[in-house]
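Sequences listed follow chains P and G, in order.
Residue numbering for the first sequence follows our numbering, beginning at 1 and increasing consecutively.
Residue numbering for the second sequence follows our numbering, beginning at 178 and increasing consecutively.
Built from N, CA and C at the ideal position, the CB exists for glycine as well.
The next block holds one structure in the form of structure tokens; read it before the comments.
Number of protein chains: 2
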Amino acid sequence: MSTASNAVQAIVQRSPGADEFSRACVGFFSEAVQLFGLVPPSVGQIYGLLYASPEPLSFSDIFEQLDISKGSASQGLNLLRSVGAVYTVAPVDANGRREYFSPELSLRKLLRGVLDERVSPLAGKSAGRLAHLRELADGARGRERKFRLSRAQQLEIWRRRLKTVVPVLGTLLGSRA
Amino acid sequence: MSTASNAVQAIVQRSPGADEFSRACVGFFSEAVQLFGLVPPSVGQIYGLLYASPEPLSFSDIFEQLDISKGSASQGLNLLRSVGAVYTVAPVDANGRREYFSPELSLRKLLRGVLDERVSPLAGKSAGRLAHLRELADGARGRERKFRLSRAQQLEIWRRRLKTVVPVLGTLLGSRA
DNA sequence: TTTTATGTTCATTTGCTCTTGAACTTGTTG
DNA sequence: CAACAAGTTCAAGAGCAAATGAACATAAAA
Chain P
1 MSTASNAVQA IVQRSPGADE FSRACVGFFS EAVQLFGLVP PSVGQIYGLL
51 YASPEPLSFS DIFEQLDISK GSASQGLNLL RSVGAVYTVA PVDANGRREY
101 FSPELSLRKL LRGVLDERVS PLAGKSAGRL AHLRELADGA RGRERKFRLS
151 RAQQLEIWRR RLKTVVPVLG TLLGSRA
Chain G
178 MSTASNAVQA IVQRSPGADE FSRACVGFFS EAVQLFGLVP PSVGQIYGLL
228 YASPEPLSFS DIFEQLDISK GSASQGLNLL RSVGAVYTVA PVDANGRREY
278 FSPELSLRKL LRGVLDERVS PLAGKSAGRL AHLRELADGA RGRERKFRLS
328 RAQQLEIWRR RLKTVVPVLG TLLGSRA
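Here it is, written out as structure tokens:
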């Protein structure tokens, strides 16, 4: 069984250094995601493995080649899918109920997914906190009140600027550059 | 002793809710830095406390009011200074060798500091890794070589775009917006 | 110089996130 | 249907970064 796995191993065998290349990609993306800290390293590894493969890979390809647990692979793939960083090909295969996975290659889509699913929710929360801060500031009197309101207002300005910039980012990184 | 501490406590006493306001700022910045994951939460707390204070605070003000260890306070302040997020006022006071700290309020400077000190170094490292990837790609032959080179090249394009965008960020978030 | 106040360093501990692995669900084959 | 294969869930453990605190520096006061 395990046709996909066999197919991949065949490729690995007929193209020398394929595993080094894969390993390099896996390491690269593993570290890359760690820098941002929004997702666990194993998620980066999975994406890296898919990125290095000319063909889509199956679930078992992934956890076998990366030597991680099925649990990690499952969770990691779900996360990647939820963010649109990975899509599935051939929903159901001839044998078993296997799906095959490919990496999203559009930087714009990758960023969009991460921003929408991970960053935006937090942005909403921060809006609430800033409102609370403003209330607290408003509770004071005199010089102190003035000072606190100015600080609270500045934070809101920062937030607005960041909010404005995020969509621009998407455009800048999109296609042309 | 501890004039600064007394001064601050006096302020706290004569302006009701000052500690709530401070706590809110401390919490806000603590979480904010956690989102990016580049610096420990205690660093955010310190910045938050300074941000909430109308007057500069001393070293002992900081670790006492935040109820963190001297070690954390020392390391956190050094980090903040190295990034330009905090500056010192009145290098040496009348009593002891106390320094007082104030927060940098310019968003542009804050971002510049973090980008220069924390992000740029990593960018250099990634350039090296991508070069290595390209070599590995070059080692293959035929279709496989072509595939790998295309992937390696795309990563370099991404990197270049990101590198281009970072300075733009500084401008967009700087003063006007 | 001795003592006291202020700040730093770093080995240890704490706390938290990621990973694991085994039990469970769901679907497939004989 | 039974037996198996594929994938998910989640409690428990491992690994790691952050915080601690005590020993160590350094400078002012006595």
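Annotation for valine 168 of chain P: the continuous alpha helix (DSSP H) segment containing it runs 142-173. Taking one beta carbon from each stretch, the segment 333-353 of chain G and the segment 156-167 of chain P have 3 or more pairs nearer than 8 Å; the two touch. Within the segment 74-135 of chain P, the runs of beta strand (DSSP E) that reach at least 3 residues and sit entirely inside it are, in chain order, 86-89 and 100-103. For glutamate 241 of chain G, the uninterrupted alpha helix (DSSP H) run begins and ends at 236-243, by DSSP.
Any Cβ of chain P closer than 8 Å to the Cβ of proline 217 of chain G would place that residue at the interface, and such an atom is absent. Here valine 39 of chain P carries a coil assignment [DSSP, helix/strand/coil]. With a cutoff of 8 Å on beta-carbon distance, phenylalanine 278 of chain G and leucine 234 of chain G are scored as near each other. When Cβ pairs closer than 8 Å are counted between the two stretches, the segment 124-139 of chain P is seen to touch the segment 199-214 of chain G, the count reaching three or more. In the three-state scheme derived from DSSP, where H, G and I count as helix and E and B as strand, alanine 229 of chain G is classed as coil. The segment 244-255 of chain G and the segment 290-300 of chain G do not touch, with fewer than three beta-carbon pairs separated by less than 8 Å. For serine 69 of chain P, the three-state secondary structure derived from DSSP is coil.
Excluding residues up to 5 positions away in sequence, Ser22, Cys25, Val26, Gly27, Phe28, Phe29 and Ser30 lie with their Cβ nearer than 8 Å to the Cβ of glycine 48 of chain P in the same chain.
Exclusion of the five residues before and after leucine 149 of chain P leaves Arg134, Ala137 and Asp138 as the residues of its chain whose Cβ lies within less than 8 Å of its Cβ. Against leucine 169 of chain P, the close residues of chain G are Val342, in the order they occur along the chain (beta-carbon pairs closer than 7 Å). Between arginine 295 of chain G and leucine 215 of chain G the beta-carbon gap is near 5 Å, inside 8 Å, which marks them as a contact. Looking at P/Gly44, P/Arg151, P/Tyr51 and P/Gly128, the one whose alpha-carbon comes closest to that of aspartate 19 of chain P is P/Tyr51. In this structure, valine 263 of chain G lies away from glutamate 276 of chain G, with their beta-carbon atoms at least 8 Å apart. Put simply, the backbone Cα of aspartate 238 of chain G is about 43 Å away from that of glycine 113 of chain P.
Leu35, Phe36, Gly37, Leu38, Tyr51, Ala52 and Pro54: these are the residues of the segment 33-63 of chain P whose beta carbon lies less than 8 Å from some beta carbon of chain G, given in chain order. By alpha-carbon distance to proline 40 of chain P, the top candidate from P/Arg161, P/Ile68 and P/Glu156 is P/Ile68. Straight through space, the alpha carbons of serine 259 of chain G and serine 283 of chain G are spaced by roughly 16 Å. Under the 8 Å criterion on CB atoms, leucine 149 of chain P is classed as non-interfacial with respect to chain G. Arginine 159 of chain P has a beta carbon lying at 8 Å or more from every beta carbon in chain G.
Non-local C-beta neighbours of leucine 243 of chain G in its own chain, meaning closer than 8 Å and more than five positions away in sequence, comprise Val203, Ser219, Gln222, Ile223, Leu226 and Ala250, ordered along the chain. Counting every other CB atom within 10 Å of its CB across the protein chains shown gives arginine 337 of chain G a total below 16, marking it as exposed.
Using a Cβ-Cβ cut-off of 8 Å, arginine 285 of chain G does not count as an interface residue toward chain P, since no Cβ of chain P sits closer than that to its own.
Minimum Cα-Cα distance from serine 53 of chain P among the listed residues G/Trp335, G/Ile334 and G/Lys323 corresponds to G/Lys323.
Secondary structure of glycine 316 of chain G (DSSP, three-state): coil. Listed in chain order, the non-local C-beta contacts of alanine 329 of chain G below 6 Å within the same chain comprise Leu310, Arg311 and Ala314, local neighbours out to five positions each way being set aside. Serine 126 of chain P and alanine 32 of chain P have their C-alpha atoms some 26 Å from each other. Counting other Cβ atoms within 10 Å of its Cβ, alanine 90 of chain P stays below 16 and is therefore classed as exposed. Considering only G/Gly305, G/Gly261 and G/Leu332, the residue with the shortest C-alpha distance to leucine 287 of chain G is G/Gly261. For phenylalanine 101 of chain P, not one C-beta of chain G is nearer than 8 Å to its own C-beta. From the beta-carbon of arginine 81 of chain P, no residue of chain G is found nearer than 8 Å; the closest lies around 21 Å away.
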